[in-house]
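Participant:
Right, dumping it as structure tokens:
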């Protein structure tokens with residue numbers, strides 16, 4: 555009898571094990587599929603098509619009467635014309651107006667601006683200079699060179715026509731155009747032109763926002779947790795607070811966005827699209843998560859430690875701050891970082907406070923206009939240009955890498971602060 | 068003999084449940100008093116009333132009066148923090164802070180501001196360890212984690228920590244229940260030495276321990292104080308039948 559029941563128990567155990575292993579495998583395969591498909595879509599954004607032009611500039615044109623450099627004159631100068639005439643030198647046969655237009659479409663619309671920035675950065679001395687500059691090709695030429703634009707479809711349905719393809723190929727043959735590492739993606743903010751768009755603006759926006767979030771949410775949450783655990787007298791009010799803290803954790807994030815809109819923007823008149831407001835809203839959103847994690851962590855500290863401190867004549871506050879809190883730190887930090895990771899990936903509340911905006915400047919302060927990484931991804935994935943597709947994939951990879959490193963940090967901090975009993 | 072504690076009709080209840088009833092006893096100065104009785108008889112509850120550790124417990128209410136040196140410790144002008152500096156406590160389970168040995172002992176003096184500089188603090192720590200008979204064992208590793216010591220040593224760290232704030236009374240709640248006989252012997256020896264300068268009240272499950280160390284013994288049963296007398300008397304000619312039954316092992 556017993557032997558029979560043991561056999562069936564064993565069989566059940568084995569089955570359970572198989573279920574467990576297969577579900578883990580399934581999850582891993584899904585994750586791998588996701589990452590690989592995003593990676594395959596995004597890796598090509600690491601490269602960008604550039605072309606080389608030799609340009610001569612006379613800096614005498616950009617000084618005012620006293621001889622000091624004049625930015626205004628520099629901005630007014632026809633840089634586009636300079637690039638275009640340099641390009642036309644490669645193709646002297648292009649004469650007609652329409653044809654010229656087509657030719658200029660293979661280079662970035664921002665090429666002139668980029669050239670100006672390049673010259674500005676060089677800080678050339680006075681006189682005439684000849685420069686060799688690599689500038690962006692247009693996103694269509696870029697996609698063509700990467701083989702991402704199919705040329706099998708009829709010419710009129712394509713974003714790049716046969717003539718343009720021939721020009722691009724001719725540039726490549728002459729070694730004037732090639733794919734190079736896409737530095738722009740990592741050093742600039744958003745742009746209408748995919749070739750000039752980068753994630754740095756949104757990365758800094760996210761960093762500023764998260765900084766506000768953590769500075770706002772962590773102290774508040776820890777204080778609330780200590781109060782609820784050690785000071786609050788059990789009763790209806792405390793129960794009410796507890797239930798509501800737990801409820802807050804389940805409130806859809808867009809509601810926090812609405813709250814931020816009506817409180818921070820309308821009532822307090824804080825600036826729109828600012829990391830300060832975004833951080834406060836995300837802070838409110840992560841507050842319950844951190845409170846719950848902190849309370850669990852504080853509760854897991856053996857009460858004997860607190861009794862020891864109280865028995866020595868420490869006040870409640872001293873017992874909490876000197877003994878319980880340091881021991882609860884690893885748990886609190888883990889909860890905080892999980893909350894931060896949640897906040898980092900959040901888009902909805904930011905929509906409500908205007909952080910979904912086309913911002914081409916890299917934010918420098920907590921009140922300058924900014925956007926955040928998930929919002930940037932959302933906006934790029936909404937764009938028509940093929941080149942934004944690969945860029946949003948690469949940005950997703952970056953966001954995931956950011957999240958993984960935050961979680962790693964949580965593990966490391968936990969290990970570091972954990973005390974052996 | 069002068070009495071250190073004087074309790075009158077102390078009654079403690081947790082919510083609706085009465086833990087102890089009508090406890091009136093005087094505890095003498097500079098001797099060891101043992102509180103014995105079966106589990107759940109209220110002896111620990113009574114002990115924890117003496118330094119108001121019960122305040123921490125929710126829905127615990129206390130009636131009656133407890134006087135320490137003629138001062139009502141539940142009176143309005145008494146701060147539990149100050150009281151606990153005068154009445155130290157050693158717990159059932161050794162609970163050193165997960166810090167260095169030095170920091171463990173120094174914590175009390177630090178929060179009460181007993182030392183004005185580092186060398187004074189060092190003196191207090193050394194003296195306390197000396198009094199707790201630990202100095203020779205730990206003098207080379209004062210900066211090591213206290214939690215790395217053996218169970219008996221950890222308990223003596225806790226005693227040294229209590230001594231460091233120079234209390235008048237030390238309450239011990241079954242301090243040896245988790246220790247082996249050798250460590251227990253050391254702690255009992257230590258208690259004997261300490262009783263010259265401190266009033267010690269110990270809760271113990273071991274009747275032998277009560278008989279060995281204490282001068283007076285109180286026997287609790289189901290929340291009542293059954294008998295309180297000299298230890299010799301209690302163990303040789305108890306007046307109450309229940310005491311007789313308990314010490315001869317008929318129940319409990």
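Protein chains in written order, with my numbering: chain A, 555 to 975; chain B, 68 to 319. Idealized CB from N, CA, C, for every residue including glycine. The structure presented is a predicted model; accordingly, all values stated were derived computationally and were not measured.
1. Check whether chain A comes within 8 Å of residue 174 (chain B), counting only Cβ atoms and requiring the distance to be less than that.
2. To which residues of the same chain is residue 111 (chain B) closer than 7 Å at the C-beta, ignoring the five residues directly before and after it?
3. Which residues bound the beta strand (DSSP E) around residue 601 (chain A)?
4. Name, in chain order, the residues that DSSP records as bridge partners for residue 154 (chain B).
5. When DSSP builds the beta bridges, which residues end up paired with residue 295 (chain B)?
6. Within 10 angstroms of the Cβ of residue 893 (chain A), are there 16 or more other Cβ atoms? Answer buried if so, exposed if not.
7. Could you work out which residue in A:664, A:557, A:838 is closest to residue 914 (chain A) when comparing CA atoms only?
8. Output needed for residue 686 (chain A): all residues of its chain with C-beta closer than 7 Å, excluding positions within five of it in sequence on either side, in chain order.
9. Give every residue of the same chain whose Cβ lies closer than 6 Å to the Cβ of residue 700 (chain A), excluding the five residues on either side of it in the sequence, and list them in chain order.
10. Taking contact to mean at least 3 C-beta pairs separated by less than 8 Å, is the stretch 740 to 755 of chain A in contact with the stretch 908 to 928 of chain A?
11. Quick one: using the 10 Å Cβ neighbour count with 16 as the cut-off for buried, is residue 955 (chain A) buried or exposed?
12. Measuring only the C-alpha atoms, how far is residue 316 (chain B) from residue 869 (chain A)?
13. Identify every residue that forms a DSSP beta bridge with residue 127 (chain B).
14. Can you pull the chain A neighbours of residue 208 (chain B), defined as C-beta to C-beta under 8 Å?
15. Kindly indicate which residue of B:230, B:249, B:130, B:124 has the alpha-carbon position closest to the one of residue 190 (chain B).
16. If you run the structure through DSSP and keep just helix, strand and coil, what is residue 792 (chain A)?
17. Output, in sequence order along the chain, the residues in the stretch 785 to 812 of chain A whose CB is closer than 7 Å to any CB in chain B.
18. Below 9 Å on C-beta distance, what does residue 861 (chain A) contact in chain B?
19. Would residue 165 (chain B) count as contacting chain A if we go by Cβ distances under 8 Å?
20. Whose Cβ in chain A lies nearer than 9 Å to the Cβ of residue 152 (chain B)?
21. With a floor of 4 residues, list each alpha helix (DSSP H) that falls wholly inside the stretch 686 to 723 of chain A, ordered by position along the chain.
22. DSSP puts residue 270 (chain B) in a beta bridge; with which residues?
23. Tell me the start and end of each unbroken beta strand (DSSP E) in the stretch 131 to 205 of chain B that is at least 3 residues and wholly inside, in chain order.
24. Mind checking whether residue 759 (chain A) and residue 903 (chain A) have CB atoms under 8 Å apart?
25. Quick one: does residue 178 (chain B) have its CB under 8 Å from some CB of chain A?
26. Just checking, does the stretch 946 to 966 of chain A make contact with the stretch 766 to 774 of chain A on the three C-beta pairs under 8 Å criterion?
27. Do we get a CB-CB distance below 8 Å when we pair residue 854 (chain A) with the residues of chain B?
28. Per DSSP, what are the beta-bridge partners of residue 732 (chain A) in this structure?
29. Any C-beta of chain A sitting closer than 8 Å to the C-beta of residue 192 (chain B)?
30. Whose C-alpha, out of A:634, A:691, A:616, A:815, is nearest the C-alpha of residue 627 (chain A)?
31. Roughly how many angstroms separate the alpha carbons of residue 267 (chain B) and residue 237 (chain B), rounded to a whole number?
32. Beta carbons nearer than 8 Å to chain A: which residues of the stretch 219 to 230 of chain B have them?
33. Within its chain, find whatever has a CB closer than 6 Å to the CB of residue 250 (chain B); leave out the 5 residues flanking it on each side and keep chain order.
34. Spell out whether any CB of chain A is found under 8 Å from the CB atom of residue 232 (chain B).
35. What would DSSP say about residue 212 (chain B), mapped onto helix, strand or coil?
36. Candidates A:797, A:899, A:857: which alpha carbon is nearest residue 160 (chain B)'s?
Facilitator: Looking at the coordinates:
1. Counting from 1 along the second chain, the entry for residue 174 (chain B) is found at position 107. Chain A, which has a Cβ nearer than 8 Å to the Cβ of residue 174 (chain B), makes this yes.
2. As a working mapping, residue 111 (chain B) is identified with position 44 in the second chain. These residues qualify, in order along the chain: 240, 270.
3. As a working mapping, residue 601 (chain A) is identified with position 47 in the first chain. Its beta strand (DSSP E) spans residues 601 to 612.
4. For the purposes of this step, residue 154 (chain B) is taken as the residue at position 87 of the second chain. DSSP output for residue 154 (chain B) lists B:236 as bridge partner(s).
5. The count along the second chain starts at 1 and reaches residue 295 (chain B) at position 228. Bridge partners of residue 295 (chain B): B:285.
6. In the first chain, residue 893 (chain A) corresponds to position 339, counting from 1. It counts as buried.
7. Indexing the first chain from 1 puts residue 914 (chain A) at position 360. When each option's Cα is compared against that of residue 914 (chain A), the closest is A:664.
8. Walking along the first chain from the start, residue 686 (chain A) turns up at place 132. Closer than 7 Å at the Cβ level, and outside the excluded window around residue 686 (chain A), lie 606, 608.
9. As a first step, residue 700 (chain A) must be located in the first chain, where it is residue number 146. Taken in chain order, the residues that qualify are 598.
10. yes
11. Translated into positions along the first chain, residue 955 (chain A) becomes position 401. Under this definition residue 955 (chain A) is an exposed residue.
12. Taking the first residue of the second chain as position 1, residue 316 (chain B) is located at position 249. Taking the first residue of the first chain as position 1, residue 869 (chain A) is located at position 315. Rounded to whole angstroms, residue 316 (chain B) to residue 869 (chain A) spans 42 Å at the Cα level.
13. Indexing the second chain from 1 puts residue 127 (chain B) at position 60. Per DSSP, B:81.
14. Within the second chain, numbered from 1, the residue matching residue 208 (chain B) stands at position 141. Correct list: empty, because the minimum Cβ distance to chain A is about 16 Å.
15. Stepping through the second chain from its first residue, residue 190 (chain B) is reached at position 123. It is B:230 whose Cα lies nearest to the Cα of residue 190 (chain B).
16. Taking the first chain and counting its residues from 1, the one referred to as residue 792 (chain A) is at position 238. Helix at residue 792 (chain A).
17. 788
18. Taking the first residue of the first chain as 1, we reach residue 861 (chain A) at position 307. Residues of chain B passing the Cβ test: 120, 123, 156, 158, 162.
19. Indexing the second chain from 1 puts residue 165 (chain B) at position 98. Interface residue, yes.
20. Counting from one through the second chain, the residue named residue 152 (chain B) turns up at place 85. In chain order: 866, 867.
21. 693 to 699
22. Locating residue 270 (chain B) in the second chain gives position 203, counting from the first residue. According to DSSP, which records beta bridges pairwise, residue 270 (chain B) is partnered with B:102, B:240.
23. 154 to 157
24. One-based indexing of the first chain puts residue 759 (chain A) at position 205. One-based indexing of the first chain puts residue 903 (chain A) at position 349. Against a cut-off of 8 Å, the Cβ pair of residue 903 (chain A) and residue 759 (chain A) comes out as no contact.
25. By 1-based counting over the second chain, the position of residue 178 (chain B) is 111. Closer than 8 Å to some Cβ of chain A, the Cβ of residue 178 (chain B) qualifies, so yes.
26. no
27. Walking along the first chain from the start, residue 854 (chain A) turns up at place 300. Not one chain B Cβ lies under 8 Å of residue 854 (chain A).
28. Reading the first chain from its first residue, position 178 is the one you call residue 732 (chain A). Residue 732 (chain A) pairs with A:604.
29. The residue labelled residue 192 (chain B) in the question sits at position 125 within the second chain. No, its Cβ sits nowhere closer than 8 Å to a Cβ of chain A.
30. As a working note, residue 627 (chain A) is residue 73 in the first chain. The shortest C-alpha separation from residue 627 (chain A) is found at A:616.
31. Translated into positions along the second chain, residue 267 (chain B) becomes position 200. Translated into positions along the second chain, residue 237 (chain B) becomes position 170. Cα-Cα distance, rounded: 5 Å.
32. 225, 228, 229
33. Here residue 250 (chain B) corresponds to residue number 183 of the second chain, with the count starting at 1. Cβ within range, chain order: 219.
34. Numbered from its first residue, the second chain carries residue 232 (chain B) at position 165. Judged by the 8 Å Cβ criterion, residue 232 (chain B) is in contact with chain A.
35. Along the second chain, read from residue 1 onward, the residue named residue 212 (chain B) stands at position 145. Three-state DSSP puts residue 212 (chain B) in a strand.
36. Start at 1 with the first residue of the second chain, and residue 160 (chain B) comes out as number 93. Answer by Cα proximity: A:857.
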